[in-house]
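*Asks:*
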Amino acid sequence: MKKITAITALLITLFTAHCADAQKNAEQLLKDFQQLSGSWTGSLTYLDYSSGRPYTMAADIEVKRINDSNEFEFINTYPKEKSANSTQIISISKDGKYIGKEQVISRTEQAGGRIQIVTQRQGKDGNDNKQALIKQTFTISGASFSMRKEVLFSGENKWILRHEYAYSKK
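All residue numbers for the sequence shown refer to the numbering used here, where the first residue is 21 and numbers rise by one.
1) Determine the direct distance from the alpha carbon of A46 to that of S113, and round the result to whole angstroms.
2) Pop quiz: F92 and I110 are said to be a contact at Cβ under 8 Å. What is the actual Cβ separation, rounded to whole angstroms?
3) Could you check the C-alpha separation between G175 and N87 for me, to the nearest Å?
4) Between I154, D115 and R127, which has its C-alpha nearest I180's C-alpha?
5) Between which two residues does the beta strand (DSSP E) carrying W179 extend?
6) Apply the 10 Å Cβ neighbour rule to D145 and answer buried if 16 or more other Cβ atoms are within range, or exposed otherwise.
7) In this structure, how does DSSP classify E129 when only helix, strand and coil are distinguished?
8) So the candidates are S164, S126 and A78; which of them puts its Cα closest to the Cα of Q156?
9) Using CA coordinates, which residue listed in L49, P74 and Q54 is at the minimum distance from S63?
10) Does the Cβ of T139 have 16 or more other Cβ atoms within 10 Å, making it buried, or fewer, making it exposed?
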């Protein structure tokens, strides 16, 4: 009987510790993304798969936390290409393991107070919609913010930089 009680107590302790870590991860990601609230100006550089060359254009973003939820609204505007303007909702899972449908692989604190968050997911990319591993890297600081998307096509061993947004606080 003492063995069962001890095992039950151990399982409850482990479960409680796991839940506390998950909550801490989610709270940290929310704090990181909260730093993004406001208006940013910058550029988008993307790989044009048709020509194989990078193309850069002006890009601005406004980030708003939706009430006190785990969701953030990203309002993308392109001053010279208004038809490309878009809005995206990014949500952080309650356990802090996902940003949208992308699994959080790492979160590191870097020099100068920068935070780098890396996510990954399986998906399709390219003009041919080929299977790929897609990696997103968010680099956040008080004055700058970037989002970098890299793609590793199935059967390949070299990552391709698909696009990168680079912003400065307005």
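The beta carbon of each residue, even a glycine, is placed where N, CA and C say it ideally should be.
*Replies:* So, to answer that:
1) Put simply, the backbone Cα of S113 is about 7 Å away from that of A46.
2) Between the beta-carbon of F92 and that of I110 there is about 5 Å, and that keeps the pair under the 8 Å contact cut.
3) Counting only the Cα atoms, N87 lies some 43 Å from G175.
4) Here the closest residue by C-alpha is I154.
5) It is not in any beta strand (DSSP E) - W179 carries neither H nor E in the DSSP assignment.
6) Here D145 is buried, its C-beta having at least 16 other C-beta atoms within 10 Å.
7) E129 sits in a strand when the DSSP states are folded into three classes.
8) The candidate whose alpha carbon is nearest that of Q156 is S126.
9) In terms of CA proximity to S63, P74 leads the group L49, P74 and Q54.
10) Result: buried.
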